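So in my numbering, spot 61 of the sequence shown is number 204, and the numbers just go up one at a time. Heads up, the beta-carbon is just placed ideally off N, CA and C, and yes, glycines get one too. These numbers come from a predicted model, not from an experiment. Notes for the one structure printed next.
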Amino acid sequence: MSVLIIGKIHGDTTKFQQALHDRGDEFARIAEQARPEGALHHRFGVGDGMVMIVDEWASAEQFEKFFGAPDLQSFIASVGGDTSIPPDFMITEAISSPDQF
């Protein structure tokens with residue numbers, strides 16, 4: 144059964160949004176690397192001084208391994224993530240419901 148992951152990374156959201164535009168090919172490459180590692184769905188959101196991650200992965204272990212990779216951590220820092228503040232993740236079992244869309 145898959146897991147849902149909602150995470151908050153503190154950082155410079157202006158720099159992050161600019162990186163989405165300027166470095167989109169790098170974001171796309173990371174997404175392509177994540178799929179065979181267990182990533183099923185992925186979205187970003189931005190708020191006051193934070194980037195929200197909403198993912199679905201085949202397992203929490205697969206997500207944690209992928210997210211913890213040093214290259215990904217360096218990339219996060221380079222696009223505005225404040226790696227001095229640990230990210231806050233909530234990981235739950237994904238379930239189906241009649242109102243799902």
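Item, Value
"Of all the beta strand (DSSP E) runs that stay within the bounds of the region 180-232, which reach a length of 3 or more residues?", "182-190, 193-200"
"Is GLY181 near SER202, with beta carbons less than 8 Å apart?", "yes"
"So, do the region 184-196 and the region 151-169 have three or more beta carbon pairs nearer to each other than 8 Å?", "yes"
"For LEU163, tell me which candidate among ARG186, PRO213, PRO179, GLN205 has the shortest Cα-Cα distance.", "ARG186"
"List the DSSP bridge partners of LEU147.", "GLU199, THR235"
"Select from LEU183, SER239, ILE228 the residue whose C-alpha is nearest the C-alpha of ILE148.", "LEU183"
"Exposed or buried, what is ILE219 when buried is set at 16 or more other beta-carbons lying within 10 Å of its beta-carbon?", "buried"
"Throw me the rounded Cβ distance for the SER240 and GLU199 pair, which I believe falls under 8 Å.", "The Cβ separation is near 14 Å, so there is no contact."
"At the level of alpha carbons, what is the spacing between GLN178 and ASP168?", "For clarity, residue 178 is Arg in the given sequence; the question names Gln instead. Rounded to the nearest angstrom, the two C-alpha atoms are 16 Å apart."
"Under a Cβ-count criterion, where at least 16 other Cβ atoms within 10 Å of its own Cβ denotes burial, should PHE244 be classed as buried or exposed?", "exposed"
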